[in-house]
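Plus 4 on top of the position in the sequence shown (first one is 1) and you've got the numbering used here.
Glycine included, C-beta positions come from ideal geometry on N, C-alpha and C.
Just so we're clear, the structure is a prediction, and the values are computed from it rather than from any experiment.
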Amino acid sequence: MTAELIDGTAVARQVREDVAAGVQELLAAGGTAPGLATVLIGDDPASEVYVRNKRRLCVAVGMQDLHRHLPGDVGQEEAAALIDELAADPAVSGILLQLPAPKHLDSEALLARIPAEKDVDGLTTANAGLLAQGRPGLRPCTPSGVMVLLDRAGVALEGAEAVVVGRSVLVGKPMAQLLLERNATVTICHSRTRDLAEVCRRADVLVVAAGIPGLVGADGVKPGATVIDVGIHRGEDGLHGDVDTAAVAEVAGRITPVPGGVGPMTIAMLLANTLEAAKAQQGRGD
């Protein structure tokens, strides 16, 4: 068996097209274009690339690019003041603080200043609480993107056995909650899990987000399962995920490649969240 590849690049393009159409509908109804405020502190090269891509795609779907850049030696009070300024600005629909911030800053305290309705990364404790209770709110982008990939691939989730490898606040925990919301039976694996491969082999849907290259091999996959690889690692011969893709593809029914799987969905869902936030703030929510 050779697994069907789930093309995240193509699905992300469709999501961005849907967002662009939604922005035009908002404008046609008399609303204003959503504004995304990306906040970059310092000059980390990788963060600069990520923010540049977010800004480019933000403009491409018709949103306002409200980027702000602070020097790497900025103090906590000045950084907090900028977040507060953006929070109070009606032109700003969403605020994204690019992480990691310089180590002398308290990132958690800065994130906590972002109002839940402008938290387009879905990372504040308020939005985490709404997700935990199954109430409406902005969801973390990467797990939300995984859900869209599963839906577009026609994966049945109700009653399915789902295993999430990794329990991070960014991906693992919200991923499990989103799957539970769709009536999957969910198991979370982590560094203390006994016999990881045995637990993973139970999964109809396996989401691997542990941050360890090649952690899951063919022995950890149920024949015909859907495997979502959230990891991304740069090696001497290119990019790799948390899954041994070549080996697992011989067992799984569907699998996301790395690159070109989950990665492109993260920015696409950021844009979708920004549109959702703008509509809610302008009283035009669904």
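- Per DSSP, the beta-bridge partners of L101 are V43.
- In its chain, beyond the 5 residues on either side, A166 and V190 have a beta carbon closer than 6 angstroms to the beta carbon of L183.
- Apart from the 5 residues on each side of it in sequence, V15 sits with its Cβ closer than 7 angstroms to the Cβ of V152, L153, R156 and M269 in its chain, given in chain order.
- Per DSSP, R156 is one residue of the alpha helix (DSSP H) stretching across C145 to R156.
- When the beta-carbon positions are compared, V252 and G221 come within less than 9 angstroms of each other.
- Using a 10 angstroms sphere on the CB of S97, the tally of other CB atoms reaches 16 or more, which defines it as buried.
- Here V175 carries a coil assignment [DSSP, helix/strand/coil].
- Here G267 carries a helix assignment [DSSP, helix/strand/coil].
- When secondary structure is reduced to three states using DSSP, L275 falls in the helix class.
- DSSP, read as helix, strand or coil, puts E240 in coil.
- In summary, D47 is exposed, with fewer than 16 beta-carbon neighbours lying within 10 Å of its beta-carbon over all protein chains present.
- The alpha carbon of T6 has as its nearest neighbour, out of G289, R288, A284 and G257, the alpha carbon of G257.
- By the Cβ test, the region 61–77 is not in contact with the region 109–126, since fewer than three Cβ pairs between them sit closer than 8 angstroms.
- Take V65, set aside five residues on each side of it, and the residues of its chain with a beta-carbon closer than 7 angstroms to its own are R20, V23, A24, V27 and L275, in chain order.
- For L90, the uninterrupted alpha helix (DSSP H) segment begins and ends at Q80 to A92.
- The alpha helix (DSSP H) runs of length 4 or more contained entirely in the region 173–241 are, from start to end of the chain, 176–185 and 200–204.
- When DSSP reads this structure, D123 sits in a beta bridge with I99.
- The beta carbons of L30 and A282 sit closer together than 9 angstroms.
- The region 166–181 and the region 208–227 touch, with no fewer than 3 CB-CB distances between them shorter than 8 angstroms.
- DSSP places R60 outside any beta strand (DSSP E); the residue lies instead in the alpha helix (DSSP H), whose first and last residues are P49 to A64.
- Between D246 and P217, the CB-CB gap stays under 9 angstroms.
- V234 has its alpha-carbon roughly 25 angstroms from the corresponding atom of K122.
- For the pair L40 and T260, the CB atoms are not nearer than the 9 angstroms cut-off.
- One alpha carbon belongs to C204, the other to R59, and they sit about 37 angstroms apart.
- Counting along the chain, V167 sits inside the beta strand (DSSP E) bounded by residues E165 to V169.
- Setting aside the 5 residues that flank it on each side, Q102 is surrounded in the same chain by L44, S51 and V55, each with a C-beta closer than 6 angstroms to its C-beta; the list follows chain order.
- DSSP, reduced to helix, strand and coil, places L134 within a helical segment of the structure shown.
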